[in-house]
Every structure is written in structure tokens, then in C-alpha cells.
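There are 2 protein chains.
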Amino acid sequence: MERNFVVGIDVGGQTSKLGVVDAQGCILAQKVIRSDTYGSDAVAYIDALAQAVKDVIAEAGKDGQILGIGVGAPNANHYTGEISYAPNLAWAADAAVPFAKMLSERLGGLPVSMTNDANAAAVGEMTYGAARGMKDFIMITLGTGVGSGIVIDGKLVYGHDGFAGELGHVCVERGGRQCGCGRKGCLETYCSATGVARTAKEWLEKSDEPSLLRSVEKIDSREVYRAAKAGDELSKKIFDYTGTLLGTAFADFISFSAPEAIVLFGGLAKSKEFLTEPIERAMNENVLKIWKGKVKLLYSELDESDAAILGASALAWN
Amino acid sequence: MERNFVVGIDVGGQTSKLGVVDAQGCILAQKVIRSDTYGSDAVAYIDALAQAVKDVIAEAGKDGQILGIGVGAPNANHYTGEISYAPNLAWAADAAVPFAKMLSERLGGLPVSMTNDANAAAVGEMTYGAARGMKDFIMITLGTGVGSGIVIDGKLVYGHDGFAGELGHVCVERGGRQCGCGRKGCLETYCSATGVARTAKEWLEKSDEPSLLRSVEKIDSREVYRAAKAGDELSKKIFDYTGTLLGTAFADFISFSAPEAIVLFGGLAKSKEFLTEPIERAMNENVLKIWKGKVKLLYSELDESDAAILGASALAWN
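Respectively, the protein sequence lines represent chains A and B.
Residue 1 is where the first sequence starts when you use this note's numbering, and the numbers rise one by one after that.
Residue 1 is where the second sequence starts when you use this note's numbering, and the numbers rise one by one after that.
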């Protein structure tokens, strides 16, 4: 029987989503299990996950037709197949878990390919989404943090150790905001959803400018978006500032790999009506002449609820 | 007869150097012709170059044994084989010259592969030098400007349009020094040989600190090196400043492609006794924890007078 289907698994801090996917990017069956109820017992979690994979394959009626398993997970190393010291996964917080090997053993030796979630998103976009047919692009995920997946000549860049593509931790402001990574001024301290909320709080404190945000109890990037939609000037300026920083950073990224496009994904990317103009302006103002007006700014075409499974599944095709 | 030899051509503003090279990186015969005596007549220059190639092959006694020609040239595009709008080459200053095609036609159809000089240097180092056996590294050329060649998974990164790897034009100081590219604060305005001379002149002007450099008539980076060797404190501080900027920039480059090493080449790299410490310090201070102390800083192992021919020749092996 031909093996024309793959399984995608997105391992998150609270839940793990998995699904059987066909070559067109349709999810035939899917399932969610908890990731956070196994304490430090990696074996118990992977046992449960393997069972869920078997269940979902059976549900899709594709026993014997699975080519491989793709996994997107925090701190996942493509080369070693390990998840190492992932602070949000209790069973891999203090250890290097040989995840790919353990999962494969429980699934009759099916090949397991893994990488981090931003890289998986890039492969997903190349296989099923906005970057179909592209050989050179950079995926930027704007979520709680800023992640990235870099594709060069049709291949994901893993680097010497498997950890390449940490563009959220490029420094955009020397001595700037404290980052969770221990350093200061990283792109993600300004341009993630969290970064936008930080900007809002800082600006509300340091000025008296009237703003709808002043009546919001818990400010997050969604509230800033809502206020901007309602015409709030301060909120629009926050997006302008965020987009300008992103575009300025993108200009440097372009000098590196000369991509055809930069593709944005993630919760914050939904504010594209306020982000596109400042990003494109700053990118084209700051990039070398040869690239002015030439690098496309695109947004993910994958449905957000499916994207994580699709991205992970795409790893399994190669 | 087996084709076990290649020809490397380094096209410079004043002269073009070429040589026949074997698989071990030995230059069997070489020649220099002028690049600057043909005005805007690209045909005349390429005629002369093709003749020089024939001569040097004959001199090496390798007629019929040449696999291909590799060319390193400013503004050379690997994909199109053109040299376009190269300000320092009169015959390609206002046009896109189909260099590879024209040269190949004059050499009985031998394949011609070309790229810019920094990329050629990277391939040269990978084929014959300090990066032998490495699949992921970044070559940084510290000359009049700062150039770069990025190797990922054993292949040079050309990007979507063939112009990837312009790391000399990453911005290290917003609104900083005016760069020849029209923008401000590019790495090469601080960390090229020219940048070092600029730093020296600026610092001599703005302070009264005694320095051997005050008695130097025409300050260039070699004079700064000489003064530092003689114990001049200001000159040592200039290298410390330059190395710190380089190391800080390298930390961001590492986030991109997670290289095994950064390899330095060019006139300024000869000041390594004053550059290594500040570069390594700043690189390891600024890089993400996973890469601290892990990325090697290496210096080119190719003899400088041969490096340009060797680098270009290396392109021809693939």
C-alpha cells in the first residue's frame, strides 16, 4: 500500500495536538491530549502520545499508509531528535529527552522528524501555504515571543547544531528591555504580543495622552488592537512603533539571506491592517538599494487552528 | 583526458589575477592583466582576459584538462552570470555585462561560474583553507569594506536574487556613520580598514590623549596596527572598540545560521593579536546562552597573495 499520509504533532506546554494529513494539507482526523499531567515522567507522556497517534491513524482509516511523523516542539533538535531543557514541558525541563527515538519505537519504527515550532511553521507554509513554490523566505512568528524559520534554497536552515533561526533574539536596542533569555534589547521584547503590551504600559505611564487603553484593566496586544480599530491614536502609534522596529530588523535579515519574501504568522500578525504599512516603510527605508521594493511581505495562509499540526506534519514528507 | 584542473580569476578594479589550480589548491601557473585600460569597452577587456586564460593554461601544460572557470568579481551575480553596475569597473559601471556567457564563448564553451569576491573567499576557505570539512560557517572579509560569504549545509548562500550575504551592511549604529551605500551606521563604516582609520581620526580630534598616531601624516589601519604594536594605548583602544563592534554583530549573525565558525580574512584580519580578544569577548557576551563559548573564531589559512585566485577557482569544482 502506498504511504501517502503523514502525522503532524504540535507539542505545547499544556496540550499536544496531532492529526493525520494528506498531501494537499487536509487534516483527516485530529486529536488533542494533555502535555502537562505527567509531571517529570517523559515515558508516561510519550506512551500516551503514541497511543493517541495510533488512535488518530485508525480514526482516519490510514493504518499502514503513514509515511512518517513530524513533530514541532519547544527546544526540539532536528539533528539529535531530542527535546532538551524546555522550561514549559515538565517532563523535559531538566533533561534531554530522546523524543524522536522513543516515539518511533512505540510506532513500529515509523520515522520521526522534529524541530521547533517556528521552523515547523516555515515548512508548513512552504508545503501548504503562502510560501508554496518559494525556495528562499523567512518565516517570522509573532506570538508570545518572536520565533523564526529560515528557508534557503528550499531547505530549512538548521545550522551546525540544529538551533539556527533565533531571530527573535537579534538585538534591536543595545541595553534595551530585559529579555527572558537573560540579555537585553532582543527583538521579541518589543515586537511580540507581550512586547506590544509592554510598549502600551510604558507609554501610558510616561505620557498623559488620552487613550481608550486607560480604561482597560488588563492590557494585552488584543486590547491594543481593539483600541486601534476603534480609532485610538495612541494604540495606532504603538503598532506604528512595533512595525517600524520589525521592518528595520527585517532589512538586516534581508542582507543575510536575500529572501523572496518574509512571511508573518501568529496572534500579533492578525493586526496586519496596522502593521503592514510601517513594516514595509521601515524595511524599504533601511534595506540596501538592490532590495528596495523587492522583498514581499506576506501573511500566513494557513488557518490558525490547523497551522501547528500542518507545520509539524510537513516535516514528515522529506 | 581527465579534467582535473580549474582556472580561478579574480577581477579587481585595477588588475585581474588568474591562475590554473589543482585539487590541492596549488597554483600551477598565474598571470596578471590590467582591468582598467579598456574604458567602457567590455568586449575588449573580455577578449584580453580570454587570451590570458588560454596563455596560462598553455603555460601550465593543461590544455584539454580544465574542468571550468571560477570568477570572483564585484557585483557578480551567480545566477545570471552578469557583472552589473560595478562602480570600480569602467566597462561594467553603467551596464549589466553578460560576463560568464561572453567569457565561456571565447573559451570553447568551458563552464564559467561566478560570484562576488567575499563569496569566492568563503568557497576558497572551504575547499582549501581553514574551513575545510565545515558545512556551516560565515566568512567575513575585513578589507577596504566588509564583505561576507555564508555557507550553510556545505553550500554558499546566494538567496533569491544571487546577492545574499551583505553582512557589511547590517546596521550596527542607528543614525551612525555615513556609508558609501547611502545608508548610515553600516558595520563596514566602523570595522573595515577604512572604518578603523575613521575611528582613529575621530578620536584624535575629540580628545587630547597622547598617541603615536599624532605624528603620522596619513592615518590608515596599518599605521594604527603599527602604533598598537609599539604599545600605543589609544591605538589598542581603537582595536578594542573595533573588535567589540565586530563581536557584537557576530552574536546576531550566529542567531541566524548557527555556524560552526566565523572565519576572518583580509588586510585588517592581520591585526588579529589585537582583535581576537575583544571579538571573542563581545561575541560570547552578546550571544544566546546555547552558543556561548561554542562558535569558533578562525582566521583564513590561505596565503593572501594566492587567496583571490584560489577562492575564485574553488567555484569551478562544482
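Cβ atoms here follow ideal geometry from the backbone N, Cα and C, with glycine treated the same way.
Here the structure is a predicted model, which means the values were calculated and not measured.
Proximity below 8 Å, CB of residue i to CB of residue j
{"i": "B:Asn284", "j": "B:Lys272", "result": "no"}
{"i": "A:Asp117", "j": "A:Ala308", "result": "yes"}
{"i": "A:Gly68", "j": "A:Ser113", "result": "yes"}
{"i": "B:Ser255", "j": "A:Val287", "result": "no"}
{"i": "B:Ala230", "j": "B:Leu212", "result": "yes"}
{"i": "B:Val20", "j": "B:Val11", "result": "no"}
{"i": "A:Leu298", "j": "A:Ile279", "result": "no"}
{"i": "B:Lys218", "j": "B:Phe274", "result": "no"}
{"i": "B:Ala120", "j": "B:Gly311", "result": "yes"}
{"i": "B:Leu167", "j": "B:Leu187", "result": "yes"}
{"i": "B:Ala314", "j": "B:Tyr128", "result": "yes"}
{"i": "A:Ser300", "j": "A:Ala23", "result": "no"}
{"i": "B:Gly72", "j": "B:Thr115", "result": "yes"}
{"i": "B:Arg177", "j": "B:Tyr190", "result": "yes"}
{"i": "A:Ala316", "j": "A:Gly70", "result": "yes"}
{"i": "B:Glu125", "j": "B:Leu245", "result": "no"}
{"i": "B:His78", "j": "A:Asp136", "result": "no"}
{"i": "A:Glu202", "j": "A:Leu234", "result": "no"}
Contact with chain B by residue i, beta-carbon distance below 8 Å
{"i": "A:Ser257", "result": "yes"}
{"i": "A:Ile150", "result": "yes"}
{"i": "A:Leu110", "result": "no"}
{"i": "A:His78", "result": "no"}
Minimum C-alpha distance to residue i - residue among the options
{"i": "B:Ile46", "options": "B:Phe99, B:Ile66, B:Cys26, B:Thr80", "result": "B:Phe99"}
{"i": "B:Leu49", "options": "B:Cys26, B:Ser104, B:Glu2, B:Asn88", "result": "B:Ser104"}
{"i": "B:Ala52", "options": "B:Arg106, B:Lys101, B:Pro87, B:Asn75", "result": "B:Arg106"}
{"i": "A:Tyr38", "options": "A:Ile238, A:Ile27, A:Ile57, A:Ala90", "result": "A:Ala90"}
{"i": "B:Ile33", "options": "B:Cys26, B:Gly13, B:Ser40", "result": "B:Gly13"}
{"i": "A:Phe239", "options": "A:Glu260, A:Lys289, A:Ser192, A:Asp208", "result": "A:Ser192"}
{"i": "B:Ala44", "options": "B:Gly175, B:Leu315, B:Val123, B:Met102", "result": "B:Met102"}
{"i": "A:Ala92", "options": "A:Gly182, A:Ser215, A:Asp41, A:Val123", "result": "A:Asp41"}
{"i": "A:Leu57", "options": "A:Asp161, A:Ile9, A:Ser257", "result": "One detail in the question is off: residue 57 of chain A reads as Ile in this sequence, not Leu. Closest option to A:Ile57, Cα to Cα, is A:Ile9."}
{"i": "B:Ala258", "options": "A:Ala164, A:Ala269, A:Asp63, A:Gly25", "result": "A:Ala164"}
{"i": "B:Pro74", "options": "B:Asn88, B:Ala23, B:Val216, B:Gly133", "result": "B:Asn88"}
{"i": "A:Gly243", "options": "A:Leu142, A:Thr115, A:Leu28", "result": "A:Leu142"}
{"i": "B:Val146", "options": "B:Gly154, B:Thr194, B:Gly133", "result": "B:Thr194"}
{"i": "B:Gly267", "options": "B:Val295, B:Arg281, B:Ala197", "result": "B:Ala197"}
{"i": "B:Ala261", "options": "B:Gly64, B:Val151, B:Gly162, B:Tyr128", "result": "B:Val151"}
{"i": "B:Tyr241", "options": "B:Val216, B:Val224, B:Asp252", "result": "B:Val224"}
{"i": "A:Met1", "options": "A:Gly180, A:Gln65, A:Arg214", "result": "A:Gln65"}
{"i": "A:Cys181", "options": "B:Pro111, B:Arg222, B:Lys289, B:Leu110", "result": "B:Lys289"}
{"i": "A:Gly247", "options": "A:Ile140, A:Gly25, A:Gly108, A:Ala86", "result": "A:Ile140"}
{"i": "B:Ala282", "options": "B:Leu302, B:Ala269, B:Ala251, B:Thr144", "result": "B:Ala251"}
{"i": "B:Asp306", "options": "B:Asn318, B:Lys31, B:Asn4, B:Arg3", "result": "B:Lys31"}
Minimum Cβ-Cβ distance from residue i to chain A less than 8 Å
{"i": "B:Val157", "result": "yes"}
{"i": "B:Arg183", "result": "yes"}
{"i": "B:Asp153", "result": "yes"}
{"i": "B:Asp161", "result": "yes"}
{"i": "B:Cys171", "result": "yes"}
{"i": "B:Leu167", "result": "yes"}
{"i": "B:Ala93", "result": "no"}
{"i": "B:Glu260", "result": "yes"}
{"i": "B:Ala164", "result": "yes"}
Cross-strand partners of residue i (DSSP beta bridge)
{"i": "B:Leu297", "result": "B:Ile262"}
{"i": "B:Asp10", "result": "B:Lys17, B:Gly72"}
{"i": "A:Phe5", "result": "A:Ile66"}
{"i": "A:Thr115", "result": "A:Gly72"}
{"i": "A:Ala96", "result": "A:Ser84"}
{"i": "B:Ala316", "result": "Partner(s): none; B:Ala316 has no beta bridge."}
{"i": "A:Val32", "result": "A:Lys17"}
{"i": "B:Lys155", "result": "B:Ile152"}
Between the stretch 277-293 of chain B and chain A, which residues of the former have a C-beta closer than 8 Å to a C-beta of the latter? Asn286, Leu288, Lys289, Ile290, Trp291
At a CB distance below 9 Å, what residues from the stretch 228-256 of chain A approach chain B? Give them in sequence order. Thr248, Ala251, Asp252, Phe253, Ile254, Ser255, Phe256
Using a Cβ cut-off of 9 Å, which residues of the stretch 117-143 of chain B contact any Cβ in chain A, in chain order? Met134, Lys135, Asp136, Phe137
Got a sec: which bits of the stretch 297-316 of chain A sit with their beta carbon under 7 Å from any beta carbon on chain B, in order along the chain? none
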